[in-house]
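Numbering (the numbering used here), first residue to last: 19 to 190. Beta carbons are placed, not taken as given, at the ideal position from N, Cα and C, and that holds for glycine. Just so we're clear, the structure is a prediction, and the values are computed from it rather than from any experiment. Data block below; observations after.
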Ligand code: NI
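So, in C-alpha cells, the structure goes:
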C-alpha cells in the first residue's frame with residue numbers, strides 16, 4: 019500500500035507542543051510511516067532542510083532532514099529515536115526554523131556531531147555530520163527535546179529576539 023503524501027501544517031512559535039519533549043518510538047507501525055512521509059513532504063514543500071515531528075503536532079521521536087538544495091533522495095535522512103553520541107569543534111552560523119518564519123540569528127553549535135538512531139525500517143544507523151549537516155542534526159535533536167534555536171542565543175540577543183517574537187506571534 020502506498021501512503022498518500024500530504025503536507026501538514028507546521029506549528030508556529032508559541033505552540034506548546036514545540037516546548038514538549040518527544041517520546042521514544044516503540045513500534046514502527048503504519049501511522050509512523052505515514053508521519054515520516056508527511057514530514058518529508060512538508061519539509062520539501064516549506065521548503066526546509068529539516069523537520070521534527072513536534073513541528074507537525076506529533077510527539078513521536080523522529081525527524082527528517084535533507085541538506086541538499088535539490089531534494090537529492092540520496093541525501094534524505096530519516097532518524098527515529100536519535101541520540102547525540104559525540105560532538106566536537108565550534109562554529110557560529112546563521113540559522114532559522116520553519117516554526118519561526120522570517121527570523122534568522124547566528125547560533126553557536128558544534129562543528130561535527132555523531133548521531134545514532136534507527137532508520138525507517140528500524141535498522142540502527144549512525145550519522146556523522148559536519149558543518150551544515152551537523153547544524154541540522156543538532157537543531158532537530160533540540161526540537162525533539164522541546165528546545166528552539168532562540169534558546170541557544172546569548173541572553174542579550176535572546177531578549178531582543180523574544181520581544182520581536184512576541185509581536186510577530188501574538189496571543190502566545
Ligand atoms: Ni526548526
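* Asked: How far does the alpha helix (DSSP H) with residue 188 in it reach, from first residue to last?
  -> On the chain shown, position 170 is the one that residue 188 refers to. Unbroken run through residue 188: none, as it is neither H nor E.
* To do: Kindly give me the distance between the Cβ atoms of residue 167 and residue 125, rounded to whole angstroms, as I take these residues to be in contact under 8 Å.
  => The sequence position of residue 167 within the chain shown is 149, counting from 1. The sequence position of residue 125 within the chain shown is 107, counting from 1. Rounded, the Cβ-Cβ distance is 5 Å, consistent with contact.
* residue 33 CB to nearest heavy atom of the ligand NI below 8 Å -> Along the chain shown, one-based indexing puts residue 33 at 15. No, the beta carbon of residue 33 sits no closer than 8 Å to any heavy atom of the ligand NI.
* To do: Look at residue 71 and residue 136 and say whether their C-beta atoms are less than 9 Å apart.
  => For the purposes of this step, residue 71 is taken as the residue at position 53 of the chain shown. For the purposes of this step, residue 136 is taken as the residue at position 118 of the chain shown. Their beta carbons are not under 9 Å apart, which means residue 71 does not touch residue 136 by this criterion.
* Asked: Mind checking whether the beta-carbon of residue 157 lies closer than 8 Å to any heavy atom of the ligand NAD?
  -> The ligand NAD is absent from the structure shown, which contains only the ligand NI.
* To do: Count the other CB atoms, across all protein chains shown, that sit within 10 Å of the CB of residue 60; report buried if there are 16 or more and exposed otherwise.
  => The residue you call residue 60 lines up with position 42 of the chain shown. It is buried - the Cβ of residue 60 has at least 16 other Cβ atoms within 10 Å.
* Minimum C-alpha distance to residue 182 - residue among 122, 127, 68 and 26 -> As a working note, residue 182 is residue 164 in the chain shown. The shortest Cα separation from residue 182 among 122, 127, 68 and 26 belongs to 122.
* Confirm the yes/no value for this check: CB of residue 187, any heavy atom of the ligand NI, distance under 8 Å. => Here residue 187 corresponds to residue number 169 of the chain shown, with the count starting at 1. Not under cutoff, so the answer is no.
* Helix, strand or coil for residue 156 per DSSP? -> Walking along the chain shown from the start, residue 156 turns up at place 138. The answer is helix: DSSP assigns residue 156 an H, G or I state.
* Asked: Mapping DSSP to helix, strand and coil, what is residue 48?
  -> The sequence position of residue 48 within the chain shown is 30, counting from 1. Helix.
* Quick one: Cα of residue 78 to Cα of residue 173, how far? -> As a position in the chain shown, residue 78 is number 60, starting the count at 1. As a position in the chain shown, residue 173 is number 155, starting the count at 1. For residue 78 and residue 173, the distance between alpha carbons rounds to 30 Å.
* Asked: Would the C-beta of residue 68 count as close to the ligand NI, meaning under 8 Å from any of its heavy atoms?
  -> The count along the chain shown starts at 1 and reaches residue 68 at position 50. Flag set: Cβ of residue 68 near the ligand NI.
* Asked: Closest by CA to residue 86, which one among 169, 158, 26 and 151?
  -> For this step, residue 86 is matched to residue 68 along the chain shown. Closest option to residue 86, Cα to Cα, is 151.
* To do: Mind listing, in chain order, the continuous alpha helix (DSSP H) runs of no fewer than 4 residues lying wholly within the stretch 33-103?
  => 48-63
* Spatial neighbours of residue 58 within its chain, please: CB distance less than 6 Å, with the 5 preceding and 5 following residues excluded, ordered by chain position. => In the chain shown, counting from the first residue as 1, residue 58 sits at position 40. 82.
* Cβ neighbours of residue 179 in the same chain (closer than 8 Å, five flanking residues each side left out) -> Position 161 of the chain shown, counting from 1, holds the residue named residue 179. Within the same chain, residue 179 has close Cβ partners 121, 123, 168 and 171.
* Asked: Measuring from the CB of residue 58, is there a heavy atom of the ligand NI at a distance below 8 Å?
  -> For the purposes of this step, residue 58 is taken as the residue at position 40 of the chain shown. Residue 58: no, Cβ never under 8 Å from the ligand NI.
* To do: May I ask you to check if the CB of residue 38 is nearer than 8 Å to at least one heavy atom of the ligand NI?
  => As a working note, residue 38 is residue 20 in the chain shown. No, the ligand NI has no heavy atom inside 8 Å of this Cβ.
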